[in-house]
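Residue numbers (the numbering used here): 141 to 586.
A virtual CB, placed ideally from N, CA and C, is assigned to each residue, including glycine.
Written out as structure tokens, the structure reads:
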């Protein structure tokens, strides 16, 4: 406890770090307050039925990403997911379209143009999803829509407000990244997820304490499994494979450089939380296309994407996670660049020739450790569906591994790692008495 208090004092004594943390908390508070502001033209007192139906099946996952805003029909109902979907599309274009490939190689100027295209595409995606959300509201909200508004005026105002809401959340995320601590988009998603955890635990406890629910023992067993899954995810996020690198001796003036052995830490899960977010965004598309249908009124192939307990849904989802893990790792990991930098600094891997052979060796090692990491990530992704099928309460099942828990673990570790880096840079002790917290920094950028 004494060590914890001392660490808090050290964090508070660093002015820049204190400002960043306070800025992050303030912007997160703005996001949470906005998630409770209802859309114009709706009577909040008449949204009980809508709130109940919008927390079932795939819509429950969408609602989780939006921090409960979806079921409350708030101005932030669509959350940050349209921006994530637009980012996926732009990243795919950087591989398939030469123009975007050229932009990616132009440094900061090209990155700014890509970000601008991402924002414009976000407007288009959000407007489309907002129209589908309006149709879903009209079908499910009953008497919540104020009659005087008229259908066209309600559609127009709601589409504009939802689009503006998503763009505002995107802006909040960018401000958190620039002036706060951690990745803004990830923190916003994590905040929305974490806000629903207390409610999920209370609902599960009440369910288990009812007659035939299994009692307190079953609830404690579920909590124990929850903790074990969390520990497994921490091991996955922090797991690394170290490649030894020797540096030749160089004498410059009276000083000697090199002649030491270092290591390249290749992360088992170099892609971090992004593959599972990408896969989830893709799985949301069919539900959006049919106007946010629930599993009760969906049919055929669409029904698969409306029910996250469906075996085929979990198979498709797992395959997407594996594919996106390799895809995103290939985007952020460049073994050729690493080999070139090692060669320029007179570094070499023992037993491997410098240049292309080194790049091939690093790429092969990365592929070998990414494969089991991708399969474990896919297993984690489908755990909520398995938990829901095993009679775990739907809301708590979304935390039983899967997207929610992975995002929380990854983002919290990443944020703590950045705080620890600030402390160590100013010669304070780290957050842990032994060892260091490892974030999601890719090897290419390490």
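Comparing alpha carbon positions, the residue from 300, 387 and 241 closest to residue 481 is 387.
In this structure, residue 160 lies near residue 320, with their beta-carbon atoms less than 8 Å apart. Contact check for residue 308 and residue 540: beta-carbon distance about 32 Å, past the 8 Å limit, so the pair fails to qualify. According to DSSP, residue 407 shares a beta bridge with 380. Out of 516, 332, 237 and 508, the CA that lies nearest to the CA of residue 211 is found in 332. For a cut-off of 8 Å, the C-beta gap from residue 413 to residue 547 is around 5 Å, short enough to register as a contact.
Annotated as distal: residue 359 and residue 418, with beta-carbon spacing of 8 Å or more. Bounds of the alpha helix (DSSP H) holding residue 315 are 291 to 319. Between residue 498 and residue 504, the alpha-carbon positions lie close to 10 Å from each other. At a Cβ-Cβ threshold of 8 Å, residue 476 and residue 411 do not count as neighbours. Looking at the DSSP output, residue 386 bridges to 401 and 488. The Cβ atoms of residue 270 and residue 299 sit closer than 8 Å to each other.
Beyond the five residues adjoining it in sequence on each side, residue 152 comes within less than 7 Å, by CB distance, of 158 in the same chain, given in chain order.
In this structure, residue 178 places its C-beta atom within 8 Å of the C-beta atom of residue 184.
Counting along the chain, no alpha helix (DSSP H) covers residue 413, and no H or E run does either. In the structure shown, the three-state DSSP call for residue 215 is coil. In the three-state reduction of the DSSP assignment, residue 179 falls in the coil class. Under DSSP, residue 285 shares a beta bridge with 182. By the Cβ-count criterion, residue 566 is exposed, with fewer than 16 other Cβ atoms from all chains shown falling within 10 Å of its own Cβ.
The region 525 to 536 makes no contact with the region 482 to 490: fewer than 3 CB pairs, one atom from each, lie closer than 8 Å.
Counting along the chain, residue 345 sits inside the alpha helix (DSSP H) bounded by residues 337 to 349. Residue 231 holds the alpha-carbon nearest to the alpha-carbon of residue 255 among 166, 550 and 231.
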